[in-house]
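Asker:
2 protein chains.
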Amino acid sequence: MPLQELKKFASDAPCPIRDVLDRIGDQWSVLVLLTLRPGTRRFNELMREIGDISKQMLSRTLKRLEQDGFITRTVYPEVPPRVEYSLTELGHSFLEPMRALVAWADQNHRTISEARERYRGGN
Amino acid sequence: MPLQELKKFASDAPCPIRDVLDRIGDQWSVLVLLTLRPGTRRFNELMREIGDISKQMLSRTLKRLEQDGFITRTVYPEVPPRVEYSLTELGHSFLEPMRALVAWADQNHRTISEARERYRGGN
DNA sequence: CGCTTAGGTCTACAAAGCAGACCAGGTGCA
DNA sequence: TGCACCTGGTCTGCTTTGTAGACCTAAGCG
């Protein structure tokens, strides 16, 4: 039996924190959401703007974000196909606390780098 | 040449956001920090409280957090050995914006679950 | 002597992620 | 008619990351 299912089951019920951390914990999800913040984007635009994500991961990430209600996916039945992604209310509201974190990152980035240097140096 | 080095190099210089996301992006780091918030913990206490982390990952995560200045590691040269971990100022300050995120999670957990249900149902 | 205990490290094996090949199917060009 | 091109993916092998669990050290206790 897939071990992971057990874990998920065990942590799902009692711990919404874990649930969100699993979401944020996915580096790509946050990055995609941040990239969508300015407005609607198409698949390949996201690829280009994010830069180092693989098609597979982008596809998977978008699917999950749609599933969880963070983004909407609109297909225009043209040829070649056009698919647009954009944030929902939920997606936007998530980015609000996220911004605080990003701000913290901005402020403390240098401190962290210095700590790293010291560690290397002091070792 | 290790491809990853390139990536790291490319994203290190211009983008502190990425740098922090890589840190948070690590599910375990945040979980360890949250577990340390109430106060000092020993290695096996962390293991027990977190529950489903492997020794190796806990060890690795703690090492990195120490390196980055989020926690301190104190060894008491007894037998059997005793090692205590606790948050630094930086660690505490990081958890502040993090709390906003956790609060958001608490509030919106149900909404997300419902979106998931709808998705399954509507498919 | 040999078992216990804490905090790890080491070693196989499983899972996740990546790059790049491939696909559909209408359009433009020859 | 044929042939390459476009987007938004999916599929396939290989690399990287994470896991479980055995092992290690060295004092204390029976």
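Protein sequences, first through last, are from chains Z and V.
When we follow the working numbering, the leftmost residue of the first sequence carries the number 1, and every step to the right adds one.
When we follow the working numbering, the leftmost residue of the second sequence carries the number 1001, and every step to the right adds one.
Just so you know, even glycine gets a beta-carbon here, dropped at the ideal spot from N, CA and C.
Which residues of the region 77-109 of chain Z have a Cβ closer than 8 Å to any Cβ of chain V? Give them in chain order.
Answerer: Taking 8 Å as the Cβ-Cβ cut-off against chain V, the residues of the region 77-109 of chain Z that qualify are Leu90, Ser93, Phe94, Glu96, Pro97, Met98, Ala100, Leu101, Val102, Ala103, Trp104, Ala105, Asp106, Asn108 and His109.
Asker: Residues in the same chain with beta-carbon distance under 6 Å from Val1075(V), minus the five sequence neighbours each way, listed in chain order, please.
Answerer: Indexing the second sequence from 1 puts residue 1075(V) at position 75. Within the same chain, Val1075(V) has close Cβ partners Val1083.
Asker: Taking only beta-carbon atoms, is Arg1037(V) less than 8 Å away from chain Z?
Answerer: As a working mapping, residue 1037(V) is identified with position 37 in the second sequence. For Arg1037(V), the answer is no, since every Cβ of chain Z falls outside 8 Å of its Cβ.
Asker: Once DSSP output is grouped into helix, strand and coil, what is the label at Leu1006(V)?
Answerer: By 1-based counting over the second sequence, the position of residue 1006(V) is 6. Caution is warranted here: a pLDDT of 39 is assigned to Leu1006(V), below 50, making its placement in the model unreliable, and no coordinate value can be reported.
Asker: Starting from Ile1071(V), trace the beta strand (DSSP E) in both directions and tell me its first and last residue.
Answerer: Stepping through the second sequence from its first residue, residue 1071(V) is reached at position 71. Unbroken beta strand (DSSP E) run through Ile1071(V): Ile1071 to Tyr1076.
Asker: Check for me: the beta strand (DSSP E) holding Arg82(Z) runs from which residue to which?
Answerer: As a first step, residue 82(Z) must be located in the first sequence, where it is residue number 82. Start and end: Arg82 to Leu87.
Asker: Along the chain, which unbroken stretches of the alpha helix (DSSP H) at least 4 residues long are found entirely within the region 1012-1044 of chain V?
Answerer: Taking only runs of at least 4 residues, the alpha helix (DSSP H) segments lying wholly in the region 1012-1044 of chain V are 1016-1024 and 1027-1036.
Asker: Is Ile124(Z) helix, strand or coil when you go by DSSP?
Answerer: Given that chain Z is displayed from residue 1 to residue 123, the structure contains no residue 124(Z) and the question cannot be resolved.
Asker: If you check the beta carbons only, do Leu95(Z) and Arg37(Z) fall under 8 Å apart?
Answerer: As a position in the first sequence, residue 95(Z) is number 95, starting the count at 1. As a position in the first sequence, residue 37(Z) is number 37, starting the count at 1. Yes. Within cutoff.
Asker: Since Gln67(Z) meets chain V, which of its residues come closer than 8 Å, beta carbon to beta carbon?
Answerer: Looking up residue 67(Z) in the first sequence gives position 67. Ordered by position in chain V, the residues that pass the 8 Å Cβ test against Gln67(Z) are Ala1115, Arg1116 and Tyr1119.
Asker: Specify whether the region 1023-1035 of chain V and the region 1057-1070 of chain V touch according to this definition: at least 3 beta carbon pairs, one from each stretch, less than 8 Å apart.
Answerer: Enough Cβ pairs lie closer than 8 Å, so yes.
Asker: Of all the options Pro1097(V), Thr1111(V) and Glu1089(V), which has the alpha carbon lying nearest to the alpha carbon of Leu90(Z)?
Answerer: Taking the first residue of the first sequence as position 1, residue 90(Z) is located at position 90. Checking every option, the nearest Cα to that of Leu90(Z) belongs to Thr1111(V).
Asker: Name, going along the chain, the residues of the region 1043-1064 of chain V whose beta-carbon falls closer than 7 Å to a beta-carbon of chain Z.
Answerer: Answer set for the region 1043-1064 of chain V: Asp1052.
Asker: Taking only three categories from DSSP, how would you classify Asp1106(V)?
Answerer: Taking the first residue of the second sequence as 1, we reach residue 1106(V) at position 106. Looking at Asp1106(V) - three-state DSSP - the assignment turns out to be helix.
Asker: Is the Cβ of Ile1112(V) closer than 8 Å to any Cβ of chain Z?
Answerer: As a first step, residue 1112(V) must be located in the second sequence, where it is residue number 112. With 8 Å as the cut-off, Ile1112(V) counts as an interface residue toward chain Z.
Asker: By how many angstroms is the C-alpha of Ala1103(V) removed from the C-alpha of Arg118(Z)?
Answerer: Position 118 of the first sequence holds residue 118(Z). Position 103 of the second sequence holds residue 1103(V). Their Cα atoms are separated by approximately 34 Å.
Asker: Ignore the nearest five residues each way along the sequence and tell me which others in Arg73(Z)'s own chain have a CB closer than 6 Å to its CB.
Answerer: On the first sequence, position 73 is the one that residue 73(Z) refers to. Contacts found: Glu66 and Tyr85.
Asker: Between the Cα of Ala115(Z) and those of Ala1115(V), Arg1116(V) and Thr1088(V), spot the shortest distance and give me the residue it belongs to.
Answerer: In the first sequence, counting from the first residue as 1, residue 115(Z) sits at position 115. Out of Ala1115(V), Arg1116(V) and Thr1088(V), Thr1088(V) has the C-alpha closest to the C-alpha of Ala115(Z).
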